[in-house]
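Colleague: Protein chains in written order, with numbering that gives the first Met the number 0: chain A, 0 to 379; chain B, 0 to 392.
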Amino acid sequence: MDFKLTEEQQMLQDTVARLVRDSYGFEQREHFYRSEPGFSREFWQQLGELGLCGMPFSEAHGGFGGSGVDNMLIMTELGRGLCLEPYLQSQIHAGGLLQQLGSVEQLERLLPVLISGELQLAVALEERQSHYQLLDVQTRAERVDGGWELSGRKVVVIGGHSAGMLLVSARTRGEARDEQGISLFLVDPQAEGLSRKVYPTIDGPKACDLFLERVLVRDTDLLGEPGQALAALRYQQGRAIAAQCAEAIGSMQEACQLTLDYLKTRQQFGKPIGKFQALQHRMVDMRTELELATSMAILAACVADQADSLERSRRLAAAKFIVTRAARFIAEQAIQLHGGIGMTWEYNLAHHAKRLVMLSHQLGDDDHHLSAYAELLHSA
Amino acid sequence: MDINYSAEELAFRDQVREFLRAELPADIAERVRLGKHLSKNDHQRWQRILNTRGWYAANWPVEFGGTGWSVVHKHIFEEECAAFGAPRLISFGVNMVAPVIIKFGSAEQKAYYLPRILDGSDWWCQGYSEPGAGSDLSSLKTRGVREGDHYVVNGQKTWTTLGQHANKIFCLVRTDPQAQQQRGISFLLIDMATPGISVRPIITLDGEHEVNEVFFDNVRVPVANLVGEANQGWTCAKYLLSHERTGQAGIGISKAALAHLKQVAAREGRLDDPLLRAQIAEVEMQLMAIEVSTLRILAAAQAGGVPGAESSILKIKGSEIRQAISHLLRKVIGPCALPFLEDELDPAFAGAPLHADYAAGPASQYLNLRKLSIYGGSNEIQKNIIAKMILDL
């Protein structure tokens, strides 16, 4: 048992923390948010130059062979800065799928530019009716000469507007909720028949809906075996969950710190409001939830890259559940303890609160994972 | 980072399991599992078995007969004991007064009292709370007035757990009424057979006689029974409270209780109910978070850190989760949790249970476990401690 960081991990944490501190002040973030890509291309380029874009990839593929703990350290700092770049979606989630399912040719074609930061990927899995169920895929891929034709609609593809390549799940056979028959395709966003509706999400990053009408995808852009993608989708969602838990921890730490500072400075009735026991106990409750959530983010990071198993699934579902509940609790308490100022756009805390609540709308909310965990009780 | 035990720790765990499999009396384990009452004899039997193996005083230094175990070893031991259904140790002697004697006591006190705790000659109880001094412990009023070689003690202690079994009591008494609240308190070791002491039972809402009132009427206590210096008893009290708190997350007990809950739910055919399953799942996930938090604090302590106010977080969450599990167990049994069958809870009961053997205990136990968030510094006091020590508010 050891919860200490190695010297390299300590350096990694310092590097990312410094980068975020220097480039992601509140006003800078607001500027990035209002810019065309909705994030900072310069910051992304720095992530690439520092080797951080290559961290989650194996050394055999030219990456840095980072572990789940390395991903955790990066994501925590990006979460602290409320960074808008699609690092989780592109490098960890899509990158993981590519590395797990890609052929030698596909890896040689895409990984070098992904690792250098020149290419971003996005994952297009959710559909309007799917509500976090990876097997609920209605988008269809019909066999045609030399490839497949994809038709359907994908919703809320985070980073889909800036991605050079999209990973789209589609059904090559079977009914909407069959486990078999789901395939994963590399789709060029410029392909004929594909259109995108781009919008900002309520907590900052840009996303888009994809409309696919008989989009031709070549055989060379099918990832893995046809109809066999679900296991990889589930496994990589687990890695994405671990990363998102870490992101939430960074944001929760910041929200707790801002609230604690506020309690010590804001004066009412002739003293700092932090002197009132009702408010002290709320702050203690926030700190307690943060402590437990941190433990689960660490647990998630430690199991994220393990071989697939029931135990891994159980722990990752539990991590997402605990962190989601803690995030909402801390967001709501932080706003309440700040009073009106906590609800203003011009104050950083409000943006952390938004992010902390809306994280639950990605990769499954607390109910989704509670239900998943409860299902696994039978096999305990 | 590594969330797993080392090979050496796993080997130790195997050793503990082997011992428990061979030595833990089945009848005691059964009573613990079903939430029935334990007799004085049950406790003493188990304590003797542990002492024979040299594992009774897990927290003591080796030189006094302790184990010299690391904090991780102790955690593993407690978890395995709970999993096998061993009775929780009555901590007043071995884990409360003994560390104080070891830290602050005289050579004579160590030589006399420590072996008697190990071999079970003495059963200790705690004289802290008073009718007017609960969370505000240092406002206690029991007086000790020096007369020659004795303190003459007058006053009343309350909530004295298992005082009816005890032959010794350690007490906080006010020996300097002029001094500031926490300054004038002394830590005394008192023989319960001393003339002037009387014990009156308090029956709690579960019908059990677990706690007592203890009255002191001109009780003459030799000055040799003072631990540490006169009027410095609060230092001992604080030291003891920190010992009391660290073990209170009770991870092992909660895991065992959760396993029992799942078994009972399965036998009652309730695991197919998605609503109940979700509630059990929720508790299990929360317990997982508390367990990892405990391991993080243990690992820090192992590396030389001192567990500070973080243990208050564990006390709050650990007590809440145990209460939540006991609530679910009571619920799972449904209407058959209603009969109040005191004879079935009795350690000597050998008849056939009215309903299932697991049905009689849970409602009583749920009620009994309300104490968890009250004693050892109530959960609200723990929040005050966190606000002050961690948050600097």
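In this text, a Cβ means the ideal position worked out from N, Cα and C, and glycines have one as well.
1. Assuming Met74 of chain A is part of the alpha helix (DSSP H), what are its boundary residues?
2. Under 8 angstroms, do Thr171 of chain A and Pro85 of chain A count as touching if we go by C-beta distance?
3. Any idea what DSSP makes of Met164 of chain A, helix, strand or coil?
4. Assign Gly94 of chain A to one of three DSSP states: helix, strand, or coil.
5. Taking 8 angstroms as the threshold (C-beta atoms), are Thr287 of chain A and His337 of chain A in contact?
6. Look at the alpha carbon of Ile196 of chain B and the alpha carbon of Gln332 of chain A, and state the distance between them as a whole number of angstroms.
7. Output needed for Glu283 of chain B: all residues of its chain with C-beta closer than 7 angstroms, excluding positions within five of it in sequence on either side, in chain order.
8. Please confirm if the region 27-42 of chain B is in contact with the region 337-345 of chain B, defined as three or more CB-CB distances below 8 angstroms between the two stretches.
9. Which residues, in chain order, does the region 289-307 of chain B contribute to contact with chain A at a C-beta distance below 7 angstroms?
10. Would Ile297 of chain A count as contacting chain B if we go by Cβ distances under 8 angstroms?
11. Which residues does DSSP pair with Ile184 of chain B in a beta bridge?
12. Does Val210 of chain B pass the burial test, meaning 16 or more other C-beta atoms within 10 Å, or should it be called exposed?
13. Of all the CB atoms in chain B, is at least one closer than 8 angstroms to the CB of Asp1 of chain A?
14. Can you check whether the CB of Leu113 of chain A is closer than 8 angstroms to the CB of Leu120 of chain A?
15. Give a yes or no on whether the C-beta atoms belonging to Gly192 of chain A and Ala169 of chain A are separated by under 8 angstroms.
16. Starting from Asp216 of chain B, trace the beta strand (DSSP E) in both directions and tell me its first and last residue.
17. Could you name the residues that DSSP lists as bridge partners for Cys255 of chain A?
18. Excluding the 5 residues flanking Ile89 of chain B on each side, which residues of the same chain have their C-beta closer than 7 angstroms to its C-beta?
19. Can you name, in chain order, every residue of its own chain whose Cβ lies under 8 angstroms from the Cβ of Gly116 of chain A, other than the five neighbours on each side?
20. So, using beta-carbon positions, are Ser250 of chain A and His368 of chain A closer together than 8 angstroms?
21. Comparing alpha-carbon positions, which option in A:Gly67, A:Leu77, A:Phe38 and A:Ala190 lies nearest Arg17 of chain A?
22. Flag His130 of chain A as yes if its beta-carbon sits less than 8 angstroms from any beta-carbon of chain B, otherwise no.
23. Identify, in the order they occur along the chain, each residue of the same chain with its Cβ nearer than 7 angstroms to the Cβ of Arg313 of chain A, setting aside the five sequence neighbours on each side.
24. Using 10 angstroms around the beta-carbon of Pro114 of chain B, count the other beta-carbons present and answer buried if the total reaches 16, otherwise exposed.
25. Asn58 of chain B by DSSP, collapsed to three states: which one?
26. Are the C-beta of Leu392 of chain B and some C-beta of chain A separated by less than 8 angstroms?
27. Going by CA-CA distance only, name the one from B:Leu286, B:Val151 and B:Gly126 that's closest to Ser294 of chain A.
28. Hey, could you find the ends of the alpha helix (DSSP H) Asn224 of chain B is sitting in?
29. According to DSSP, is Asn3 of chain B helix, strand or coil?
30. Please report the distance separating the alpha-carbon of Phe56 of chain A from that of His130 of chain A.
31. Looking only at DSSP bridge pairs, what is Pro271 of chain A linked to?
32. Just to confirm the assignment, what range does the beta strand (DSSP E) spanning Gln155 of chain B have?
33. Please confirm whether Gln279 of chain A has its beta-carbon closer than 8 angstroms to some beta-carbon of chain B.
34. Taking the alpha carbon of Gly65 of chain B as the point to measure from, which residue in B:Phe169, B:Arg321 and B:Asn50 has its own alpha carbon closest?
35. Does the Cβ of Lys3 of chain A have 16 or more other Cβ atoms within 10 Å, making it buried, or fewer, making it exposed?
36. Could you please give the first and the last residue of the uninterrupted beta strand (DSSP E) stretch that includes Ser182 of chain A?
Modeller: Working from what's here:
1. Counting from 1 along the first sequence, the entry for residue 74 of chain A is found at position 75. Here the alpha helix (DSSP H) through Met74 of chain A covers Gly67 to Arg79.
2. Taking the first residue of the first sequence as position 1, residue 171 of chain A is located at position 172. Taking the first residue of the first sequence as position 1, residue 85 of chain A is located at position 86. Going by C-beta atoms, Thr171 of chain A is not nearer than 8 angstroms to Pro85 of chain A.
3. As a working note, residue 164 of chain A is residue 165 in the first sequence. It is a strand residue.
4. Position 95 of the first sequence, counted from the start, is the residue given in the question as residue 94 of chain A. Correct three-state label for Gly94 of chain A: helix.
5. Position 338 of the first sequence, counted from the start, is the residue given in the question as residue 337 of chain A. Position 288 of the first sequence, counted from the start, is the residue given in the question as residue 287 of chain A. Their beta carbons are not under 8 angstroms apart, which means His337 of chain A does not touch Thr287 of chain A by this criterion.
6. Counting from one through the second sequence, the residue named residue 196 of chain B turns up at place 197. Counting from one through the first sequence, the residue named residue 332 of chain A turns up at place 333. Between Ile196 of chain B and Gln332 of chain A, the C-alpha separation is close to 51 angstroms.
7. Sequence index remark: in the second sequence, residue 283 of chain B carries index 284 (1-based). The residues are Leu257.
8. yes
9. Ile289, Val291, Ser292, Leu294, Arg295 and Ala298
10. Walking along the first sequence from the start, residue 297 of chain A turns up at place 298. Closer than 8 angstroms to some Cβ of chain B, the Cβ of Ile297 of chain A qualifies, so yes.
11. Counted from its first residue, the second sequence places residue 184 of chain B at position 185. Answer by DSSP bridge pairing, in chain order: B:Arg173 and B:Gln231.
12. Position 211 of the second sequence, counted from the start, is the residue given in the question as residue 210 of chain B. With 16 or more other Cβ atoms within 10 Å, it is buried.
13. Here residue 1 of chain A refers to the residue found at position 2 of the first sequence. Closer than 8 angstroms: yes.
14. Reading the first sequence from its first residue, position 121 is the one you call residue 120 of chain A. Reading the first sequence from its first residue, position 114 is the one you call residue 113 of chain A. Inclusion of Leu120 of chain A and Leu113 of chain A in the CB contact set at 8 angstroms is warranted, their separation being smaller than that value.
15. As a working note, residue 192 of chain A is residue 193 in the first sequence. As a working note, residue 169 of chain A is residue 170 in the first sequence. Not a contact, by the Cβ cut-off of 8 angstroms.
16. Counted from its first residue, the second sequence places residue 216 of chain B at position 217. Note, Asp216 of chain B: beta strand (DSSP E), His208 to Pro221.
17. Along the first sequence, read from residue 1 onward, the residue named residue 255 of chain A stands at position 256. BP columns for Cys255 of chain A are empty, so no partner.
18. By one-based count along the second sequence, residue 89 of chain B stands at place 90. Closer than 7 angstroms at the Cβ level, and outside the excluded window around Ile89 of chain B, lie His42 and Leu161.
19. Counting from 1 along the first sequence, the entry for residue 116 of chain A is found at position 117. Trp43, Gln44, Leu46, Gly47, Glu48 and Cys52, listed in sequence order.
20. Here residue 250 of chain A is taken as the residue at index 251 of the first sequence, counted from 1. Here residue 368 of chain A is taken as the residue at index 369 of the first sequence, counted from 1. Taking 8 angstroms as the Cβ cut-off, Ser250 of chain A and His368 of chain A do not qualify as a contacting pair.
21. The residue labelled residue 17 of chain A in the question sits at position 18 within the first sequence. Answer by Cα proximity: A:Leu77.
22. Residue mapping note: residue 130 of chain A aligns to position 131 of the first sequence, counting from 1. Answer no: the Cβ-Cβ gap between His130 of chain A and chain B never drops below 8 angstroms.
23. Numbered from 1 along the first sequence, position 314 holds the residue referred to as residue 313 of chain A. For Arg313 of chain A, where only same-chain residues beyond five positions count, the Cβ hits under 7 angstroms are Tyr372 and Leu375.
24. By 1-based counting over the second sequence, the position of residue 114 of chain B is 115. By the 10 Å Cβ count, Pro114 of chain B comes out exposed.
25. By one-based count along the second sequence, residue 58 of chain B stands at place 59. Coil.
26. Mapped onto the second sequence, residue 392 of chain B falls at position 393. At least one chain A Cβ lies under 8 angstroms of Leu392 of chain B.
27. By one-based count along the first sequence, residue 294 of chain A stands at place 295. Closest option to Ser294 of chain A, Cα to Cα, is B:Leu286.
28. Counted from its first residue, the second sequence places residue 224 of chain B at position 225. Asn224 of chain B -> no alpha helix (DSSP H), and no H or E assigned at all.
29. Stepping through the second sequence from its first residue, residue 3 of chain B is reached at position 4. Asn3 of chain B falls in the coil class under three-state DSSP.
30. The residue you call residue 56 of chain A lines up with position 57 of the first sequence. The residue you call residue 130 of chain A lines up with position 131 of the first sequence. Phe56 of chain A and His130 of chain A have their C-alpha atoms roughly 29 angstroms apart.
31. Taking the first sequence and counting its residues from 1, the one referred to as residue 271 of chain A is at position 272. DSSP links Pro271 of chain A through a beta bridge to A:Gln266.
32. Numbered from 1 along the second sequence, position 156 holds the residue referred to as residue 155 of chain B. Run containing Gln155 of chain B: His149 to Lys156, per the beta strand (DSSP E) assignment.
33. The residue given as residue 279 of chain A occupies position 280 in the first sequence. Closer than 8 angstroms: yes.
34. Stepping through the second sequence from its first residue, residue 65 of chain B is reached at position 66. Nearest option by C-alpha distance: B:Asn50.
35. Taking the first sequence and counting its residues from 1, one reaches residue 3 of chain A at position 4. Result: exposed.
36. Locating residue 182 of chain A in the first sequence gives position 183, where the first residue counts as 1. Here the beta strand (DSSP E) through Ser182 of chain A covers Ile181 to Val186.
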